[in-house]
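Going by my numbering, the first residue of the sequence shown is number 1140, and it counts up by one from there. Inspection log for the structure reproduced underneath, given as structure tokens.
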Amino acid sequence: MPKHLVSIFDLSKSNFKKLFKRAAQFKKEKKAGKSHNALKNQSIGMIFEKLSTRTRVSFEVAINDLGASCLYMNPSDMQLGRGESIADTAKIISSYLDGVIIRTYEQDRIEEFAKHSTVPVINALTDLGHPTQIAADLFTIVEQGKKLDKIKLAYVGDGNNIVNSFIGAASILGINLWIATPKGYEPDSNVLKKARESGNGSIEIVNDPKKAAENADVLYTDVWVSMGQEKETRKKQKIFKPFQINDNLLKLANPDAIVMHCLPAHKGEEITEEVLEGPHSVIYDQAENKLHMGKAILEMFLKE
Ligand code: CP
Ligand code: NVA
1140 MPKHLVSIFD
1150 LSKSNFKKLF
1160 KRAAQFKKEK
1170 KAGKSHNALK
1180 NQSIGMIFEK
1190 LSTRTRVSFE
1200 VAINDLGASC
1210 LYMNPSDMQL
1220 GRGESIADTA
1230 KIISSYLDGV
1240 IIRTYEQDRI
1250 EEFAKHSTVP
1260 VINALTDLGH
1270 PTQIAADLFT
1280 IVEQGKKLDK
1290 IKLAYVGDGN
1300 NIVNSFIGAA
1310 SILGINLWIA
1320 TPKGYEPDSN
1330 VLKKARESGN
1340 GSIEIVNDPK
1350 KAAENADVLY
1360 TDVWVSMGQE
1370 KETRKKQKIF
1380 KPFQINDNLL
1390 KLANPDAIVM
1400 HCLPAHKGEE
1410 ITEEVLEGPH
1420 SVIYDQAENK
1430 LHMGKAILEM
1440 FLKE
């Protein structure tokens, strides 16, 4: 059975520690111009059913840097786009490939693919989670000198895929996670239940962004309208107005707090331009770290 990364819960605490260490090494080596052949002669497929800039490009570069070749597949160019089953697609393309990276809608789709795949499957975002993003983000927090089991991490915004993966990570790594969402936009209840039953982090859900931001060490946000929810844009723009990371909210956090966003950002909605570009922001480091963490993940799941 191949080892898949379809959910954040597929990672253990020791996996995270190893990923942070390897991502730091890959980052150093990239800057020094050192090349790798960890995945030499491998062919890795990427099926993306939603748009992507960072995840797609960083994984493609990571694959090239590790000596493997990458096949980017748009589902509308595949028989999958005309109704061929996920099971058949998985059985067949996994007989050609050494690993598959998938971005799709329902979590069931990637789970179904993984069930029938003979090679590792990596989740590059679903409606339910974004584990590779959260691994890169946690690495960024560690890189900033913060200890994950000592910080207050405040997420302000929609209870979406990003926050679901943070909830899983909080339970695995013992993070004190505060989540502020409008009523009715809380994170996935099954993910919360699983995290609360299995883990050792503390997860507080509130409807007041100030409560979450008070004395926070990390302030994190994401778009109010995720991919696939475009019809809800106008409604959400109204409801989420108080859930913006701006100077006033930032003032409530610790003086050395960092501000994070997985991007793409809608400046003036979930975050102001001043804060995004300001001295507390590590948002562009986060984006860069997707490359280094992508390599660490590929090595862990495809080489070991
Ligand atoms: N953060 C992130 O996943 O960005 P993309 O949608 O551009 O891949
Ligand atoms: N929550 C966002 C994240 C994008 C990286 C979305 O799913 O569109």
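Idealized CB from N, CA, C, for every residue including glycine.
For R1221, the shortest separation between its Cβ and any heavy atom of the ligand CP does not lie below 7 Å.
For N1387, the closest alpha carbon among the candidates P1418, I1342, T1411 is that of T1411.
Contact annotation: the segment 1290-1299 touches the segment 1350-1360, with at least three C-beta pairs closer than 8 Å.
For the options I1314, N1300, D1237, D1347, the alpha carbon positioned closest to that of G1367 is the one of N1300.
Between the alpha carbons of G1307 and V1145 lies a gap of roughly 12 Å. CA-to-CA, the gap between S1174 and E1168 works out to about 8 Å. At a threshold of 7 Å, N1299 counts as near the ligand NVA, since its beta carbon sits closer than that to one of the ligand's heavy atoms. Counting along the chain, the unbroken beta strand (DSSP E) around K1291 starts and ends at 1291-1295. N1180 is classed as exposed because its beta carbon has fewer than 16 other beta carbons within 10 Å across all chains shown. In this structure, T1192 has its CB closer than 7 Å to one or more heavy atoms of the ligand CP. Taking a contact as a CB-CB distance under 8 Å, the pair P1259 and F1379 does not count as one, their CB atoms being some 36 Å apart.
With respect to the 8 Å criterion, V1357 and A1396 are classified as neighbours on the basis of their beta carbons.
Contact check for R1195 and M1185: beta-carbon distance about 7 Å, within the 8 Å limit, so the pair qualifies.
Straight-line measurement puts the Cα of S1420 at about 17 Å from the Cα of Q1272. Shown here, S1341 sits in a strand according to DSSP, grouped into three states.
Positions of the alpha helix (DSSP H) runs, each at least 4 residues long and wholly inside the segment 1207-1279, are given as 1225-1232, 1246-1255 in order along the chain. A contact is defined here as three or more CB-CB pairs under 8 Å, and the segment 1196-1203 meets this definition with respect to the segment 1418-1434. The three-state secondary structure of M1140, taken from DSSP, is coil.
Rounded to the nearest whole angstrom, the CA to CA distance from Y1423 to G1407 is 18 Å. Assignment of L1316 by DSSP, reduced to helix, strand and coil, places it in the strand class. Y1359: member of the beta strand (DSSP E) spanning 1357-1360, first to last residue. About 19 Å separates the CB atoms of V1281 and W1317; that is not less than 8 Å, and the two are not in contact.
By the C-beta density criterion, D1247 is exposed, having fewer than 16 other C-beta atoms within 10 angstroms. Exclusion of the five residues before and after S1208 leaves S1182 as the residues of its chain whose Cβ lies within less than 6 Å of its Cβ. CA-to-CA, the gap between K1170 and Y1324 works out to about 41 Å.
Residue state for H1400 is assigned as strand, using DSSP reduced to three classes.
By alpha-carbon distance to L1437, the top candidate from V1362, D1237, Y1244 is D1237. Note: I1384 is bridge-paired with I1410 in the DSSP secondary-structure output. Distance from I1314 to L1287 at the Cβ level is roughly 5 Å; contact confirmed, criterion being Cβ atoms closer than 8 Å. Per DSSP, M1185 is one residue of the beta strand (DSSP E) stretching across 1182-1187. The Cβ atoms of S1310 and N1339 lie closer than 8 Å to each other. The residue among A1392, K1254, D1361 with its C-alpha nearest the C-alpha of L1402 is D1361.
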